[in-house]
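Chains as they are written, first to last, in our numbering: chain A, 421 to 684; chain B, 4 to 165.
Every residue gets a Cβ at the ideal spot worked out from N, C-alpha and C, and that includes glycine.
Before any comments, here is the structure.
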Amino acid sequence: MTNVLVRFFARLGAPLTGAIIKLGFACRFFLAILRHSPTSLLRFQLTMREIWFAGVLSVLIIAVSGLFVGMVLALQGYETLVRFGSSSALGILVSLSLVRELGPVVGALLFASRAGSAITAEIGLMKATEQLAAMEMMAVNPIARVVAPKFWGGVLSMPLLAAMFSAMGIFGGYLIGVQMLGLDPGSFWSQMQASVDFRGDVLNGVIKSVFFGVAISLIAVFEGYDAPPTAEGVSRATTRTVVTSALVILALDFVLTAFMFTGM
Amino acid sequence: MKRGMIDFWVGLFAVAGAAALLFLAIKVSSQSTLPATSTYAVTANFENIGGLKVRAPVKSAGVVVGRVTGIELDPNLYVARVTLALDARYHFSRDSSAQILTSGLLGEQYIGLEPGADDKNLEAGGRITITSSAVVLEQLISRFLFSKAETAGEQTPTEHAQ
Numbered sequence: 421m422t423n424v425l426v427r428f429f430a431r432l433g434a435p436l437t438g439a440i441i442k443l444g445f446a447c448r449f450f451l452a453i454l455r456h457s458p459t460s461l462l463r464f465q466l467t468m469r470e471i472w473f474a475g476v477l478s479v480l481i482i483a484v485s486g487l488f489v490g491m492v493l494a495l496q497g498y499e500t501l502v503r504f505g506s507s508s509a510l511g512i513l514v515s516l517s518l519v520r521e522l523g524p525v526v527g528a529l530l531f532a533s534r535a536g537s538a539i540t541a542e543i544g545l546m547k548a549t550e551q552l553a554a555m556e557m558m559a560v561n562p563i564a565r566v567v568a569p570k571f572w573g574g575v576l577s578m579p580l581l582a583a584m585f586s587a588m589g590i591f592g593g594y595l596i597g598v599q600m601l602g603l604d605p606g607s608f609w610s611q612m613q614a615s616v617d618f619r620g621d622v623l624n625g626v627i628k629s630v631f632f633g634v635a636i637s638l639i640a641v642f643e644g645y646d647a648p649p650t651a652e653g654v655s656r657a658t659t660r661t662v663v664t665s666a667l668v669i670l671a672l673d674f675v676l677t678a679f680m681f682t683g684m
Numbered sequence: 004m005k006r007g008m009i010d011f012w013v014g015l016f017a018v019a020g021a022a023a024l025l026f027l028a029i030k031v032s033s034q035s036t037l038p039a040t041s042t043y044a045v046t047a048n049f050e051n052i053g054g055l056k057v058r059a060p061v062k063s064a065g066v067v068v069g070r071v072t073g074i075e076l077d078p079n080l081y082v083a084r085v086t087l088a089l090d091a092r093y094h095f096s097r098d099s100s101a102q103i104l105t106s107g108l109l110g111e112q113y114i115g116l117e118p119g120a121d122d123k124n125l126e127a128g129g130r131i132t133i134t135s136s137a138v139v140l141e142q143l144i145s146r147f148l149f150s151k152a153e154t155a156g157e158q159t160p161t162e163h164a165q
C-alpha cells in the first residue's frame, strides 16, 4: 500500500524533479563552457567561423526585418500623433521604441530562430552521429572545440545585430516619416536627438542584447548537447531551443526593463 | 567557405555593427547627463512641483543649462526640495528666481531660471530662494470657478432689486 503511494507521488513529482535536474545540468554545463572558454578563445579562428555562421548569415533577415518594423512604427505612430498635432514627435516614438525595446527583443527573437535553431541542430547531429564521442576518443574536449566557440560566436554577434536592427528601423522610420509623409527632416532628427539619451537608452539597449545573446547561445548549445541522439530527439531539441529562447527573452526583458527604466 | 573569406565577412560584419552603434550614438542620441565634474548643485524649494521629474531640463532663456537630479519632500517645512545640477560654465546671481514651466500644452515640465541683479553668484550647495510653483490645472479651474461665483453673487442682489 505504502509502496503504491510512494510510486504515485514519485510519478507526480517526476516532471518537476526532471526540470530541476535539467536546470542543474544546464548550470554545470554553463560553468564548463566558461572554464574551457580561454583555451578556445585563444584559437580565435574557431570563434570567427561561428560568428560568420551565427552573425553574418543573420544580417540580412535582421536588416530587412528592422527596416520593415521601423516603417510600420512610423506609419502607425503618425496616425496617432497627427491627431494631437504632434507629428514632429514621430522620430522620438520610432527611435525610443526601437532602441529600448524592439531592437534588442525582436532582434533576439529573430536571432534565436535563425541562428539558435541551427546551432542546436548542428550540435545535436554531431552527437547523434557520434562525432562528439569520437572527439573525446581523440582526447579533444568537445566543449572546448565545438560548444564554447558556438557560444561565444552567438554572444559576440547579438549586440551587433541588435544595433543594426535599431539603426535600420530608424532609417525605415525616416523613409516613411520624412520621404513619404513629408515631415520636416530637421525636426525629425533634432527632436529624436534631444530626447534619446546615449547612456540611459542606447547603452541600456546594448546591455539588454548582451544578456539576450548569452541566454540564447546557452540555450541553443545546451539543447543540442542534451538532445537524445536520434532524428526525433534532434528535431525536438531544435523546437525547444526556439520556444525556450522566446520565453526566456521576454521574461528577461521584463526583469531588465524593470531594473533599467523605472525609478528614473 | 575559405578561411580568408570568413575573415573578410566577419570583419565586414564587425564594421557594420560598429557603424550601427556609432549611428545610434551620434545621430540618434545625445549625452544629456553632464559628467559630475563639470556641474555644481544648488537646491530650490517649491510649494508644489506638479509633474516635474528627475532628469527634467533646467533652462535659462530657453537654453538647457542643467538637469534636475533629485526631488524630495522636506519633512519640516512640507515643501518639495529640488536639487539641480547646473553646468559649471554658467553662473547665476544669488537672487535668481526659479519657476516650474511646461513646454507646450502637453509637453514635459522643466525649470526656468530667471537671472537676478545681485553681484554675488550662486555657489555649489547654494539655494534659490525666489521660486514659483507649477501651475496645477485643477487649482486653476477651481480658482476661476470661485471668482466666477463671486461676481455672480454680486450680481444677483441687483437683479432682485429691479
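Buried versus exposed, by CB contacts within 10 Å (16 or more), residue i
| i | result |
| --- | --- |
| Lys123(B) | exposed |
| Gln611(A) | buried |
| Phe77(B) | In the sequence on display, residue 77(B) carries Asp and not Phe. Per the 10 Å Cβ criterion, exposed. |
| Glu75(B) | exposed |
| Gly574(A) | buried |
| Ala91(B) | exposed |
| Arg520(A) | buried |
| Tyr498(A) | buried |
| Glu643(A) | buried |
| Ile440(A) | exposed |
| Asn624(A) | buried |
| Ile114(B) | buried |
| Ile144(B) | exposed |
| Gly65(B) | exposed |
| Thr42(B) | buried |
| Ile512(A) | buried |
| Val424(A) | exposed |
DSSP three-state assignment for residue i, whether helix, strand or coil
| i | result |
| --- | --- |
| Lys151(B) | helix |
| Pro562(A) | helix |
| Ala19(B) | helix |
| Asp90(B) | strand |
| Ile9(B) | helix |
| Leu76(B) | strand |
| Lys628(A) | helix |
| Leu116(B) | strand |
| Lys123(B) | coil |
| Ile144(B) | helix |
| Thr42(B) | strand |
| Arg70(B) | strand |
| Ser135(B) | strand |
| Arg97(B) | coil |
| Gln165(B) | Annotation note: pLDDT 48 at Gln165(B) (below 50); position unreliable, coordinate value reported separately. If DSSP states are grouped into helix, strand and coil, Gln165(B) belongs with coil. |
| Phe681(A) | helix |
8 angstroms Cβ cut-off: residues of chain B touching residue i
| i | result |
| --- | --- |
| Trp472(A) | Met4, Ile9, Trp12, Val13, Phe16 |
| Gln613(A) | Lys30, Val31, Ser32, Ser33 |
| Trp572(A) | Those within 8 angstroms of Trp572(A) in chain B number zero; the least Cβ separation is about 13 angstroms. |
Same chain, Cβ closer than 6 angstroms to residue i, neighbours up to 5 away in sequence not counted
| i | result |
| --- | --- |
| Ser135(B) | Gln102 |
| Ser577(A) | Ile471, Ala474, Gly475 |
| Val598(A) | Pro605, Phe608 |
| Arg688(A) | Outside the displayed range of chain A (421 to 684) lies residue 688(A), so it cannot be described from this structure. |
| Ala564(A) | His456, Thr459, Ser460 |
| Leu487(A) | Met588, Gly592 |
Within-8 angstroms CB hit, residue i to chain A
| i | result |
| --- | --- |
| Phe26(B) | yes |
| Gly20(B) | yes |
Contact set between residue i and chain B, taken where Cβ atoms lie within less than 7 angstroms
| i | result |
| --- | --- |
| Ala587(A) | Ala23, Phe26, Leu27 |
| Met584(A) | Ala19, Gly20, Ala23 |
| Arg469(A) | Ile9 |
| Gly475(A) | Phe16 |
Close Cβ partners of residue i (< 7 angstroms) along its chain, the five nearest in sequence each way excluded
| i | result |
| --- | --- |
| Val654(A) | Ala541, Gly544, Leu545, Ala548, Ala647 |
| Val668(A) | Ala635, Ile639 |
| Arg534(A) | Ser478, Ile481 |
Minimum Cβ-Cβ distance from residue i to chain B less than 8 angstroms
| i | result |
| --- | --- |
| Leu580(A) | yes |
| Met680(A) | no |
| Gly497(A) | no |
| Ser485(A) | no |
| Val566(A) | no |
| Val519(A) | yes |
| Ser764(A) | Given that chain A is displayed from residue 421 to residue 684, the structure contains no residue 764(A) and the question cannot be resolved. |
| Pro524(A) | no |
| Val489(A) | no |
| Val575(A) | no |
| Val479(A) | yes |
Under 9 angstroms from the C-beta of residue i: neighbouring residues of chain B
| i | result |
| --- | --- |
| Val622(A) | Leu24, Leu27, Ala28, Val31, Ser32 |
| Ile590(A) | Phe26, Leu27, Lys30, Val31 |
Spatial neighbours of residue i in its chain, beta-carbon cut-off 8 angstroms, leaving aside the 5 residues before and after
| i | result |
| --- | --- |
| Pro118(B) | Ser63, Phe95, Ser96, Ser99 |
beta-carbon residue i near the ligand MG non-hydrogen atom, thresh 7 angstroms
| i | result |
| --- | --- |
| Ser457(A) | Judged by which ligands are present, the structure shown has none, so any question about the ligand MG falls away. |
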